[in-house]
Every structure is written in C-alpha cells, then in structure tokens.
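What follows is a single structure, written as structure tokens, with notes after it.
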Amino acid sequence: MSIVVTAASGQLGRLTVEALLNRGVPASGIVATSRDITRIKDFADRGVVVRRADFAEPDSLPAAFEGADRLLLISTTTVNERVANHRRAIDAAVAAGASLVAYTSMLRADTSTASLAPTHSATEEYLRERLPSVMLRNGWYLENYTSQLPQVLQGGALAGAAGQGRISAATRADYADAAAVVLTTDGHDGKVYELGGDEAFTLAELATAISAATGRRIDCTHLTADAFAQLLTGAGVPAELAHVLADADRAMSQDEMFTDSGDLRRLIGRPTATPAEAIAAALR
Ligand SMILES: NC(=O)c1ccc[n+]([C@@H]2O[C@H](COP(=O)([O-])OP(=O)(O)OC[C@H]3O[C@@H](n4cnc5c(N)ncnc54)[C@H](OP(=O)(O)O)[C@@H]3O)[C@@H](O)[C@H]2O)c1
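Position one of the sequence shown corresponds to residue 1 (UniProt numbering), numbered consecutively onward.
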C-alpha cells in the first residue's frame, strides 16, 4: 500500500514528495505521478516509485494508482478541463480502493466569487460523495508575488487589483508540508482545512515589506480588475489566464483570500513562513 502524489512534477507536488520523505515515509512507499515521467526521474533515482498518469487519458490511471492507500489529488492547470480531469482521477482512486483522497482546493471554495472557485467546489462535491476525503483549501502562494520581484524592483511598483483586501498567502513548502501531514496521520477524513499564512497583508503592506527588504522605494499601484488584466496581458500573460488572475485579485479585494483559521499552522506544527521571510529567500 502506498501514498500517491499526483502532479509530482509540479512545484507543489515536488515539495509534497520531499515533505513525505522528510517525515520518514520510505521512498518505496511513495508513488509520484506525472504525464511525463522523465520530469520526475530524479525521484525514481532516489527510490520513489514513478508512474505516468494523465487525467485526460483514463486508461493511464488504473496502473498509475494501483495499490494506492492514500492519494493526494493536486488540482490541474487547465481550468476549462479541470473538473472532467479531476472526476476521472477520483473514479480511478475509487477503483484502486484508496482509503483517503486529499484534494488541493482553494480557500473558501464554497463561497468564493472568484471564477476559479466553481471548478474546486464541483471537484470537492464529486469527491465527497465517493470516497473518504479531506479538503486542503490552499490560499494564495506567497511565490505568486516573490516570483515577480525582479519586475517589481525594475518598475519600482507592485500593481494589483486586490485593493485593501487582506491576503493570507503562504509558501508552497508550508502547504506541501500540510499535505504530507494529512497523508501520514489519522483523523482527517471529512475535514475541510482553510489554509493560509499566519501574517495576512494588503498589497500596500507587501510593497512596504519589499521596500524594507531591498532598501528601494516600492509603490503600490491599485488598478481595477480590467486594467490589471490588461497590464498582465501586456506583460505576456495569455489573455485567459490574465483574466482569471485579475478576477482572483478582485475577489481578494473582498477578503476572499483571507483566513484566520490557524489550520495551516496547526497542521504543520509551527508558524507559517512570513512574507518577509519569503521575500528574503527570493532575494538570496
Ligand atoms: N494557490 C495558488 O496561489 C495557486 C496558484 C496557481 C495554481 N494553483 C493550483 O495549484 C496547483 C499546483 O500548483 P503548482 O504551483 O504545483 O503548479 P505547477 O507547478 O504548474 O504544476 C502543475 C501540475 O499539474 C499537472 N497536470 C496538469 N495537467 C494534468 C493532467 N491532465 N493530468 C495530470 N496532471 C496534470 C502537471 O503535471 P505534468 O505536466 O508533469 O503531467 C504539473 O505537475 C496548480 O495546478 C493549480 O491548480 C494554485
């Protein structure tokens, strides 16, 4: 019996496999999947079982999930195909006899007005009806901001449409560790965890934190969602993704990416990484 991590080639999946290993799970007890196993050859070299799984190809899934006890279903990237893909993965987890599926959903998936939310709530509902499950409702990644630091520093401004909304972002590593905890300990069946960083911030506060870390003046430019989508498109982000991201910012302006649940801190057993720590790590 093994722990299966889907999308193990992705940034969150990779960190989750590492977190499982750090928590003492033997490599041979972990199955890492990707659509392209050459992308996770490094895990195979360390003794992790590596298998091909493409949710768009249901025939690839029985062999990929064979022997699965607990499975982490990491939400996929193609938003318009997401629900159908996730349903196929859930069906395969049922057929494999998995005892628990953890799903990386989004914060407040059931009430959020963000355009991304319905794909997550539909997946949650399908999963809940079929298997013992746990919802890891991940908040925004701090890396969504820190990965933009070179452009922010170059332009001297952090732009967005989140207004005065408070954002409980956390690092992928903290979300990954929370996933590893629910995959390796008992008592999570039926739970819905609203996961976010301990230190919520507004965009303006984040701009101030970047200024403090770099000694550079960083202004905060508040845009409408439409103007932010245009800015992202102009910077080379595909139009569809730009609108999804701008709409997420609009939802953030209404505090929809804020949580004070403390679930993430409690699951990982330590304070979450702060925005200042994430900025410092990205500048190193
Ligand atoms: N909370 C946030 O701020 C935030 C931001 C962005 C995204 N997300 C969500 O969180 C997920 C994980 O984040 P991340 O940073 O790890 O994303 P990422 O690095 O882009 O990884 C995405 C993963 O999705 C897998 N995937 C895509 N289509 C698939 C399919 N048809 N079948 C199986 N796997 C498929 C990819 O695997 P292969 O290509 O190797 O098969 C890849 O490993 C994303 O996919 C997205 O749903 C959250």
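By construction, the Cβ of each residue, glycine as well, lies at the ideal position given by its N, Cα and C atoms. All values reported here derive from a predicted model rather than from experimental measurement.
Measuring CB to CB, does residue i end up less than 8 Å from residue j?
{"i": "Ala179", "j": "Thr76", "result": "no"}
{"i": "Ala68", "j": "Ala27", "result": "no"}
{"i": "Thr123", "j": "Val83", "result": "yes"}
{"i": "Gly165", "j": "Ser253", "result": "yes"}
{"i": "Ala102", "j": "Ser121", "result": "no"}
{"i": "Thr259", "j": "Glu194", "result": "yes"}
{"i": "Arg70", "j": "Ala98", "result": "yes"}
{"i": "Phe228", "j": "Gly139", "result": "no"}
{"i": "Leu72", "j": "Ala173", "result": "no"}
Leaving aside the five residues before and after residue i along the sequence, list all residues of the same chain whose C-beta is less than 6 Å from its C-beta, in chain order.
{"i": "Gly13", "result": "Val5, Ala7 and Ile74"}
{"i": "Ala32", "result": "Val5, Ala8, Val17, Ile40, Phe43, Val48 and Val50"}
{"i": "Arg46", "result": "Ala27"}
{"i": "Thr171", "result": "Leu142, Ala273 and Ala278"}
{"i": "Ala207", "result": "Leu158, Ile218 and Cys220"}
From residue i to residue j, what distance separates their C-alpha atoms?
{"i": "Ile30", "j": "Asp91", "result": "20 Å"}
{"i": "His222", "j": "Thr113", "result": "20 Å"}
{"i": "Ala251", "j": "Asn144", "result": "16 Å"}
{"i": "Ala56", "j": "Ala63", "result": "15 Å"}
{"i": "Asp263", "j": "Tyr141", "result": "16 Å"}
{"i": "Thr184", "j": "Pro275", "result": "28 Å"}
{"i": "Asp255", "j": "Leu203", "result": "12 Å"}
{"i": "Val192", "j": "Arg137", "result": "7 Å"}
{"i": "His243", "j": "Leu231", "result": "10 Å"}
{"i": "Leu20", "j": "Ala280", "result": "26 Å"}
{"i": "Glu129", "j": "Glu205", "result": "41 Å"}
{"i": "Leu149", "j": "Asp249", "result": "18 Å"}
{"i": "Leu267", "j": "Val182", "result": "8 Å"}
{"i": "Val237", "j": "Ser60", "result": "31 Å"}
{"i": "Tyr126", "j": "Ile3", "result": "21 Å"}
{"i": "Pro58", "j": "Asn85", "result": "9 Å"}
{"i": "Gly269", "j": "Asp186", "result": "15 Å"}
{"i": "Ala246", "j": "Met1", "result": "42 Å"}
Can you list, in chain order, the residues of its chain whose CB lies under 7 Å from that of residue i, leaving out five sequence neighbours each side?
{"i": "Ser211", "result": "Arg217 and Ile218"}
{"i": "Arg265", "result": "Asp198, Pro271 and Thr272"}
{"i": "Val94", "result": "Arg130 and Leu131"}
{"i": "Arg23", "result": "Ala180 and Thr184"}
{"i": "Ser115", "result": "Val244 and Asp247"}
{"i": "Val25", "result": "Ile3 and Thr184"}
Ignore the nearest five residues each way along the sequence and tell me which others in residue i's own chain have a CB closer than 8 Å to its CB.
{"i": "Ser147", "result": "Ala282"}
{"i": "Asp189", "result": "Leu100, Pro132, Ser133 and Val134"}
{"i": "Gln151", "result": "Ala235"}
Measure how close the beta-carbons of residue i and residue j come, nearest whole angstrom, since I'm counting them as under 8 Å.
{"i": "Ser168", "j": "Met106", "result": "With 8 Å as the limit, Ser168 and Met106 do not qualify as a contact, their Cβ atoms being about 12 Å apart."}
{"i": "Cys220", "j": "Leu158", "result": "5 Å"}
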